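Just so we're aligned, residue 22 is where the first sequence starts under the working numbering, counting upward by one.
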Amino acid sequence: MDLSDPAVSYEASFREAIREAYVKLSIRSPPVIERPRSGQADLCLVTFSVAREAGLAPEEIAKKVMSIMGSDPRWTLEASGGYLNCLFDPKRFLKETGDLLWRNREHPCQRDPTGTKVIVEHTSANPNGPFHVGRARNPIIGDTLVRLLRLYGHDVEAQYWVNDMGKQVMILAWGIRNIPADELGEVARDKPDHRLVRYYQGANARMEADLEVENEINELLLNYEDAVSDGEWEKVISRKGRPEITASGIKEAIQGVLSGMTSSLSMLGVHIDTFIYESQVVEDHSLQSVIEGLRRSPLSREEDGALFLDLSDKIKGGDDDRFRRRFVYTRSDGSALYTTRDLAYHSWKLSRCDQAINVLGEDHRYQSQMLSLALAELGSSMIPEVVFYAFVSLPEGKMSTRRNRVVFLDDLLEEAVERAREEVLKRRDDLAEDELRRISEIVGIGALRFNVIKVQPEKRMVFKWEDALNFEGASAPFVQYSHARACSILKNRGSGFNGPPDWSLLVEPSEISLLRSLARFPQVIGEAASKRKMHLVPLYLVEMASSFNDFYRDCPVLSERDEGRRDARLALVVLSRNILRTGLDALGIIAPDQM
RNA sequence: GGGCACGUAGUCUAGCAUGGUCAAGGCGACAGCCUCCUAAGCUGUAUGUCUCCGGUUCGAAUCCGGACGUGCCCGCCA
22 MDLSDPAVSY EASFREAIRE AYVKLSIRSP PVIERPRSGQ ADLCLVTFSV
72 AREAGLAPEE IAKKVMSIMG SDPRWTLEAS GGYLNCLFDP KRFLKETGDL
122 LWRNREHPCQ RDPTGTKVIV EHTSANPNGP FHVGRARNPI IGDTLVRLLR
172 LYGHDVEAQY WVNDMGKQVM ILAWGIRNIP ADELGEVARD KPDHRLVRYY
222 QGANARMEAD LEVENEINEL LLNYEDAVSD GEWEKVISRK GRPEITASGI
272 KEAIQGVLSG MTSSLSMLGV HIDTFIYESQ VVEDHSLQSV IEGLRRSPLS
322 REEDGALFLD LSDKIKGGDD DRFRRRFVYT RSDGSALYTT RDLAYHSWKL
372 SRCDQAINVL GEDHRYQSQM LSLALAELGS SMIPEVVFYA FVSLPEGKMS
422 TRRNRVVFLD DLLEEAVERA REEVLKRRDD LAEDELRRIS EIVGIGALRF
472 NVIKVQPEKR MVFKWEDALN FEGASAPFVQ YSHARACSIL KNRGSGFNGP
522 PDWSLLVEPS EISLLRSLAR FPQVIGEAAS KRKMHLVPLY LVEMASSFND
572 FYRDCPVLSE RDEGRRDARL ALVVLSRNIL RTGLDALGII APDQM
């Protein structure tokens with residue numbers, strides 16, 4: 022709690038005063054104090070719940086408390102219905118609030134490092150082809166969380182867990198070595214992920230038609246695991262392809278696809294700090310020690326040579342489905358499963374941080390629960406926290422690569438920039454080509470990120486171009502536009518002003534409500550970060566930008582004759598610009614100086 | 001069959017952990033505002049059984065129970 026924030030310290034004092042009044046009235050229950058949304062007061066005491074205890078009507082309680090509290094220069098009180106409304110003294114409150122904001126103007130979030138190391142794992146998509154928008158929420162949610170937690174003061178690392186040991190990947194590698202380039206279809210886009218996915222698709226088709234191909238791929242999988250486990254990356258693990266396939270060759274194929282995928286991410290403004298490959302936990306044998314650990318668990322069982330944890334008592338439901346409550350960690354043939362490697366990764370990860378957060382699709386809920394239970398069996402005191410998101414579907418139904426019912430992220434990005442460009446061209450004919458392109462990217466990609474983050478992750482989304490690329494109303498361009506207006510004023514201001522501003526010169530309702538809106542920023546960031554409610558940030562920014570637009574309409578800044586008032590308004594513009602910029606940055610959205 | 005999630009005007013979303021003074025915005029619709037720091041803006045109008053039924057409470061969109069609808073999941077796959 023930051024007591025230098027008047028909103029916080031006033032509330033603390035109000036609460037304390039009421040507590041004392043309650044003692045005099047022999048009311049033992051703690052006071053119920055709220056910040057009314059309706060706006061008729063800054064704070065209010067709600068007395069209904071203690072009416073019975075006090076033996077008084079709510080209205081009477083409010084009046085008695087008011088008279089006991091007496092007067093305070095910081096506020097005026099008003100008993101109304103069962104409420105005791107508290108209105109802060111505007112001059113005093115505005116001065117204290119404004120001074121605090123002004124002191125922190127360069128870093129409007131005023132957070133010191135917390136010393137907490139957080140690892141956020143997000144995206145982690147299989148490296149077998151380009152991203153499609155069904156899962157595009159993942160990198161956007163993950164990256165926003167990373168930025169928000171950093172702004173909050175945590176030490177954050179973004180990790181991408183790369184599946185380089187699954188069948189999907191072996192299919193890809195097989196295809197690259199066995200399918201001649203001239204037998205592939207047209208490449209949809211000149212990018213490694215789009216080029217290489219054709220091998221994956223081709224290999225899939227051959228595998229379905231030819232059992233022999235499937236056998237080769239399965240063999241590849243086993244040999245790869247052996248080679249990795251022995252650290253023999255250059256060992257030939259299949260003589261079938263041209264050239265022969267080595268373990269390092271498989272990794273190369275993956276990295277090829279991955280490079281295309283990460284270039285889509287960087288277009289989105291998403292940065293991954295560390296890529297962790299599944300093969301790492303096999304090569305360093307941490308997978309093996311995790312398996313040993315699980316064997317020692319009292320819940321460990323064996324059936325037909327396979328090992329599993331019996332989670333019957335830990336997982337609810339499924340009485341007639343005994344398989345549901347098993348966490349199989351070793352197959353009958355002794356080989357490990359994906360989830361076992363994931364477990365090894367998690368125990369490594371948890372040992373390197375104070376907090377681990379995973380961003381996962383809602384289809385991973387059950388698996389994630391099992392993972393946490395297995396971690397507990399390994400004696401881990403930490404479990405990852407998970408942010409789940411619902412899938413994005415198309416109006417005609419679920420996205421499906423097989424039915425060719427997909428929208429690729431790259432197409433969405435391209436369309437976003439193209440549509441933004443049209444909008445910029447409607448308004449500006451004075452921009453050079455490179456500036457036009459820069460603004461189009463900032464606006465288009467910003468709109469996309471904003472529209473994803475403004476809705477809670479667990480809500481389902483139906484993808485519609487007009488919603489995803491909404492440029493007005495509650496959107497990134499709306500907020501960016503306010504920022505550009507603020508920049509424009511500051512650019513035209515001429516000579517500087519002499520701070521600190523005299524806030525008492527602000528009297529217009531829209532300038533006062535703007536200052537109050539600005540003051541809420543640190544608390545919004547704090548709540549969004551600590552409760553993982555990213556959607557509060559875009560919501561707040563729209564409200565703040567809207568407040569700025571009202572101010573812009575009502576209060577001319579540069580043509581204001583009174584120098585003191587002009588300076589106070591200029592100070593509001595500086596604060597607005599900085600907060601809009603910081604808030605957008607937390608969302609991975611660039612705030613342009615002009616648009 | 002079971003588990004988990006979601007259900008708020010034509011439509012999309014906020015509010016729900018801590019029940020409280022008129023259910024808040026956006027889109028779409030309709031009517032207005034540029035001799036003035038960027039009209040991607042602003043002002044006004046219309047639109048609601050907060051899925052339904054019960055319960056708790058002075059008071060329920062919010063808490064509890066049940067129903068209905070929709071989505072996701074239930075493999076020695078990843």
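Every residue gets a Cβ at the ideal spot worked out from N, C-alpha and C, and that includes glycine.
Here the structure is a predicted model, which means the values were calculated and not measured.
What three-state label does DSSP hand Q180 in the structure shown?
Looking up residue 180 in the first sequence gives position 159. The answer is strand: DSSP assigns Q180 an E or B state.
Using the beta-carbon count (16 or more within 10 Å), is T135 buried or exposed?
The sequence position of residue 135 within the first sequence is 114, counting from 1. Of the residues assessed, T135 falls on the exposed side of the cut-off, its CB having fewer than 16 other CB atoms within 10 angstroms.
Please specify which runs of the beta strand (DSSP E), each continuous and at least 3 residues long, are wholly inside the region 155-213, giving them in chain order.
Here the runs fully enclosed are 176-183.
Would you kindly check if the distance between the Cβ of L381 and the Cβ of F409 is under 8 Å?
Taking the first sequence and counting its residues from 1, one reaches residue 409 at position 388. Taking the first sequence and counting its residues from 1, one reaches residue 381 at position 360. Yes. Within cutoff.
Apart from the five residues on each side of it in sequence, which residues of its chain come closer than 6 Å, Cβ to Cβ, to G326?
As a first step, residue 326 is located in the first sequence; it is residue number 305 there, counting from the start. Cβ neighbours of G326 beyond the five flanking positions: S353.
Is the Cβ-Cβ distance between V183 and F69 less than 8 Å?
Indexing the first sequence from 1 puts residue 183 at position 162. Indexing the first sequence from 1 puts residue 69 at position 48. Cβ atoms of V183 and F69: not closer than 8 Å.
Less than 8 Å between the CB atoms is what I'm expecting for K437 and I466, so what's the real figure, rounded?
Taking the first sequence and counting its residues from 1, one reaches residue 437 at position 416. Taking the first sequence and counting its residues from 1, one reaches residue 466 at position 445. The question names Lys, but residue 437 is Ala in the sequence shown. In this structure A437 is in contact with I466, their Cβ atoms being roughly 6 Å apart against a cut-off of 8 Å.
H367: buried (16+ other C-beta within 10 angstroms of its C-beta) or exposed?
As a first step, residue 367 is located in the first sequence; it is residue number 346 there, counting from the start. Buried is the call here.
Can you give, in chain order, each stretch of the alpha helix (DSSP H) that sits fully within the region 535-589 and has at least 4 residues?
542-551 and 557-575
Rounded to whole angstroms, what is the Cα-Cα separation between P129 and E493?
Locating residue 129 in the first sequence gives position 108, counting from the first residue. Locating residue 493 in the first sequence gives position 472, counting from the first residue. The alpha-carbon atoms of P129 and E493 are separated by roughly 26 Å.
Beta-carbon within less than 6 Å of R442's beta-carbon, same chain only, minus the 5 sequence neighbours each way: which residues are those?
On the first sequence, residue 442 is found 421 positions in, with the first residue counted as 1. Answer for R442: S461, listed in chain order.
Looking at N618: is its Cβ nearer than 8 Å to the Cβ of L193?
Because the chain spans 22 through 616 in this model, residue 618 falls outside it and cannot be assessed.
Do you know whose CA, among V190, T137 and R263, lies nearest L243's CA?
If you number the first sequence from 1, residue 243 lands on position 222. Selected option, being the one with the closest Cα: V190.
So, is K272 buried or exposed, given that buried needs 16 or more other C-beta atoms within 10 angstroms?
Taking the first residue of the first sequence as position 1, residue 272 is located at position 251. That one is buried.
In angstroms, rounded to a whole number, what distance separates the CA positions of V139 and R481?
Here residue 139 corresponds to residue number 118 of the first sequence, with the count starting at 1. Here residue 481 corresponds to residue number 460 of the first sequence, with the count starting at 1. Approximately 27 Å between the Cα atoms of the pair.
Are there 16 or more other CB atoms within 10 angstroms of the CB of L222, so buried, or fewer, so exposed?
For the purposes of this step, residue 222 is identified with residue 201 of the first sequence, where counting begins at 1. The sequence shown places Gln at residue 222, rather than the Leu named in the question. By the neighbour-count rule (16 or more Cβ atoms within 10 Å), Q222 is buried.
Whole angstroms are fine: how far does the CA of F329 sit from the CA of S50?
In the first sequence, the residue the question calls residue 50 occupies position 29. In the first sequence, the residue the question calls residue 329 occupies position 308. Using only the alpha carbons, I get a separation of about 52 Å.
Around the Cβ of N425, are there at least 16 other Cβ atoms within 10 angstroms (buried) or fewer (exposed)?
Counting from 1 along the first sequence, the entry for residue 425 is found at position 404. Exposed.
By how many angstroms is the C-alpha of Q477 removed from the C-alpha of A17?
The shown model of the chain, from 22 to 616, leaves out residue 17, and the question about it has no answer.
Please confirm if the region 235-253 is in contact with the region 105-113, defined as three or more CB-CB distances below 8 Å between the two stretches.
no
Can the beta-carbon of A507 be found closer than 8 Å to that of V594?
Reading the first sequence from its first residue, position 486 is the one you call residue 507. Reading the first sequence from its first residue, position 573 is the one you call residue 594. Contact: yes.
Is A377 helix, strand or coil by DSSP?
Working through the first sequence from its first residue, we reach residue 377 at position 356. Three-state DSSP puts A377 in a strand.
Please report the Cβ distance between M90 and A42, rounded to the nearest whole angstrom; I am assuming they are in contact, meaning their Cβ atoms lie under 8 Å.
Position 69 of the first sequence, counted from the first residue, corresponds to residue 90. Position 21 of the first sequence, counted from the first residue, corresponds to residue 42. Yes, they are in contact, since the Cβ atoms of M90 and A42 sit about 6 Å apart, within 8 Å.
With a CB to CB cut of under 6 Å and the five nearest residues on each side skipped, what residues in its chain are close to P57?
Mapped onto the first sequence, residue 57 falls at position 36. Contacts found: C65.
Taking 8 Å as the cut-off, decide whether the C-beta atoms of A566 and T118 are in contact.
Translated into the one-based positions of the first sequence, residue 566 becomes position 545. Translated into the one-based positions of the first sequence, residue 118 becomes position 97. No.
What is the DSSP secondary structure of L105, reduced to helix, strand or coil?
In the first sequence, the residue the question calls residue 105 occupies position 84. Note: L105 maps to strand in three-state DSSP.
Indicate whether D185 and Y359 have their beta-carbon atoms separated by less than 8 Å.
On the first sequence, position 164 is the one that residue 185 refers to. On the first sequence, position 338 is the one that residue 359 refers to. Cβ distance not < 8 Å, so D185 and Y359 don't count as in contact.
Please state whether DSSP places L330 in a helix, a strand or coil.
Position 309 of the first sequence, counted from the first residue, corresponds to residue 330. Here L330 sits in strand by DSSP.
Taking only runs of the alpha helix (DSSP H) that begin and end inside the region 422-459, which ones reach a length of at least 4 residues, in chain order?
430-448
Determine the burial state of S145: buried for a count of at least 16 other Cβ atoms within 10 Å of its Cβ, exposed for fewer.
As a first step, residue 145 is located in the first sequence; it is residue number 124 there, counting from the start. Buried, by the Cβ-count rule.
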